[in-house]
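See structure below.
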Amino acid sequence: MDPVEKFETGLRAVRAEYREALEGAADEQSLRAANARLVGPNGRLTQLMKGMREVPADRRRELGRAANALKAEIAQLFEGRLEAIARAALEAELTGPALDPTLPGRQVPPGHLHAITRVKHELLDIFTSLGFEVADAPEADTHERCFDMLAFPPDHPATDMQDTFFLTHTDEGDPVTTLLRTHTSTVQIREMSRRPPPLAIVSAGAVFRRDDDRTHSPMFHQLEGFLVDEEVSFTHLQGVLRVFLERLFGADIEVRFRPSYFPFVEPGAEVDVRRPGGEWMEILGCGMIHAQVFENVGYDPEKVRGFAFGLGIDRIAMVKYGIPNIKLLFDNDVRFLASF
Ligand code: FA5
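So in the working numbering, spot 245 of the sequence shown is number 245, and the numbers just go up one at a time.
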């Protein structure tokens, strides 16, 4: 077809149809789509104008003008329709059915504290009622306070890279190397170093180790307790722990002390508990504070005695709520967490 004729036919067709296309669009989305089919990058008029090159030079000006005039008409109608649609939508909203305030609202389920936090508060309450004071301490601490001052020998396996998340990379045994504390016993060093006996302190928080199985998590929680005075015996330790465990679990909890070794106590023990018919669960380590530790913090080991214990808060939550796998506590599945 002759390019001029082709152009004129195309222009006539667009002119004949654009009004209906734009006026027929009932909402903004279809209006924009109809507009794009006319003057968008692949629109009919746009395509037509691209063919202008083939029109002989003497007709180009005239036809170009006609095409531009049509484009302006389309733009004007489009803007007008856009405004009309917006106005109609607003009108419909204002005159439509009123908001019904009697419909029930959307329920926002109330949350509650995590099982670990609840158990932690419960433990702190019991110990404060027994006269212990609560201390706070950081989760990152030095090699010195986590191991050396607690009388770990330099090559003790617990200080190994295997067990510990180090934060700085100096020599492994360097006392000022910082790490995520592997236990809350750091609080013994912190508190005894800054004040004289007598003292009775508890402190709870997160600790970190390279551990990972059904009863071991790499991040877990401990509560440290220690009491230092002139006359303190292992019997005091046992008495405090028994009172504590019976208040926590009820009088029918079975408690078992097993001799154990920790470098910072002598003698040392571990305690397991069992609900009648249930399985034994190791929940804490304890013992009489070692003379070497007293020396390290500047106490006279001839004059003071003390006991200390470190208990696993997550393990206590497991026994208390019958949780079979420690991971469940940290998976953050609301269906599980909401059941306590
Ligand atoms: C200690 O951490 C000693 N600091 C406890 C202590 C304090 C002893 C004061 C003497 C005097 P142990 O590594 O056994 O000990 O950990 C204590 C308790 O933390 C364990 O009995 C257990 O209940 C809990 N526990 C240990 N490792 C994990 C773990 N990976 N995940 C969850 N709980 C753990």
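Backbone N, C-alpha and C fix where the C-beta goes; we use that ideal spot for every residue, glycine too.
Checklist line | Inter-residue spacing [alpha-carbon to alpha-carbon] between G96 and M52 | finding: G96 and M52 have their C-alpha atoms spaced approximately 50 angstroms apart.
Margin query: Taking 6 angstroms as the limit between beta carbons, can you name the residues of its chain near G278, skipping five residues before and five after?
Written below: Within its own chain, no residue has a Cβ closer than 6 angstroms to the Cβ of G278 once the five positions on either side in sequence are excluded.
Checklist line | Three-way DSSP call (helix, strand, coil) for S203 in this model | finding: It is a strand residue.
Check: Within 7 angstroms: the Cβ of L123 and any heavy atom of the ligand FA5?
Finding: Because no heavy atom of the ligand FA5 lies under 7 angstroms away, the Cβ of L123 does not count as near it: no.
Note to self: Tell me which residues share the same chain as A140 and place their Cβ nearer than 8 angstroms to its Cβ, disregarding the 5 neighbours each side in the sequence.
What the structure shows: Hits under 8 angstroms: L167, T178, L179, L180, R181.
Check: Taking three-plus beta-carbon pairs below 8 angstroms as touching, is the segment 268-275 in contact with the segment 181-201?
Finding: Short answer: they don't touch.
Checklist line | Residues near D252 in its chain [Cβ-Cβ closer than 6 angstroms; skip 5 each side] | finding: Exclusion of the five residues before and after D252 leaves P276 as the residues of its chain whose Cβ lies within less than 6 angstroms of its Cβ.
Check: How is F294 classed by DSSP in three states: helix, strand or coil?
Finding: Here F294 sits in helix by DSSP.
Check: Rounded to a whole number of angstroms, what is the C-alpha to C-alpha distance between W280 and D136?
Finding: Looking at the two C-alpha atoms, the distance is approximately 31 angstroms.
Item checked: Limits of the alpha helix (DSSP H) - the one that E270 falls within -> Following the DSSP letters along the chain, one finds E270 in no alpha helix (DSSP H) but inside the beta strand (DSSP E) bounded by residues 265-274.
Check: What are the uninterrupted segments assigned as alpha helix (DSSP H) that are 4 or more residues long and contained completely in the segment 25-86, given in chain order?
Finding: DSSP runs (the alpha helix (DSSP H)) wholly in the segment 25-86: 28-39, 44-50.
Item checked: R44 and V4 closer than 8 angstroms at C-beta -> With contacts defined as CB atoms closer than 8 angstroms, R44 and V4 fail to qualify as a contacting pair.
Item checked: Coil, strand or helix - S193 by DSSP -> The three-state secondary structure of S193, taken from DSSP, is helix.
Check: What separation, rounded to the nearest whole angstrom, lies between the Cα atoms of A26 and R19?
Finding: The alpha-carbon separation between A26 and R19 amounts to approximately 13 angstroms.
Check: Apart from the five residues on each side of it in sequence, which residues of its chain come closer than 7 angstroms, Cβ to Cβ, to A165?
Finding: Looking at the sequence shown, residue 165 is not Ala but Phe. Hits under 7 angstroms: L179, L180, F208.
Check: Run through DSSP, which three-state label would F132 get?
Finding: In the three-state scheme derived from DSSP, where H, G and I count as helix and E and B as strand, F132 is classed as coil.
Margin query: By alpha-carbon positions, which one of D174, T159, V119 ends up nearest to H183?
Written below: Taking H183 as reference, the option from D174, T159, V119 with the minimal CA-CA separation is T159.
Check: The beta strand (DSSP E) with F152 in it runs from where to where?
Finding: First-last for F152: undefined, no H or E at that position.
Next item on the list: Give the secondary structure of G306 by DSSP, where H, G and I count as helix, E and B as strand, and everything else as coil.
Entry: Three-state DSSP puts G306 in a strand.
Margin query: Taking only three categories from DSSP, how would you classify T9?
Written below: Of the three classes helix, strand and coil, the one that applies to T9 here is helix, per DSSP.
Check: Is it the case that the Cβ atoms of L124 and V134 are separated by a distance below 8 angstroms?
Finding: Contact flag set, yes.
Next item on the list: For T128, count neighbouring Cβ atoms within 10 angstroms of its own Cβ and tell me buried if that reaches 16, exposed if not.
Entry: So T128 ends up on the exposed side.
Next item on the list: Name the residue from L337, L82, G131, E144 whose alpha carbon lies nearest to the alpha carbon of L199.
Entry: Ranking L337, L82, G131, E144 by Cα distance to L199 puts G131 first.
Note to self: Three Cβ pairs or more, each shorter than 8 angstroms: is that satisfied between the segment 221-241 and the segment 321-339?
What the structure shows: Counting Cβ pairs under 8 angstroms, fewer than three are found: no touch.
Note to self: Using a 10 Å radius around the Cβ and a threshold of 16 neighbouring Cβ atoms, would you call H143 buried or exposed?
What the structure shows: So H143 counts as buried.
Note to self: Relative to the C-alpha of G312, which candidate in R190, I283, M318 has its C-alpha closest?
What the structure shows: Closest option to G312, Cα to Cα, is I283.
Check: Under the rule that 16 or more other beta-carbon atoms within 10 Å means buried, what is L99, buried or exposed?
Finding: The residue in question, L99, is exposed, as its Cβ has fewer than 16 Cβ neighbours within 10 Å.
Next item on the list: Rank F152, D174, R258, I326 by C-alpha distance to the C-alpha of G285 and give the top, closest one.
Entry: It is R258.
Note to self: Does the beta-carbon of Q222, which I'm using as the reference point, lie nearer than 7 angstroms to any heavy atom of the ligand FA5?
What the structure shows: Of the heavy atoms belonging to the ligand FA5, at least one sits nearer than 7 angstroms to the Cβ of Q222.
Check: Should T9 go down as buried or exposed, given a rule of 16 or more other Cβ atoms within 10 Å for buried?
Finding: A residue is called buried once 16 or more other Cβ atoms fall within 10 Å of its Cβ, and T9, having fewer, is exposed.
Checklist line | Distance between I116 and F152 (C-alpha atoms, nearest Å) | finding: A direct Cα-to-Cα measurement between F152 and I116 gives close to 29 angstroms.
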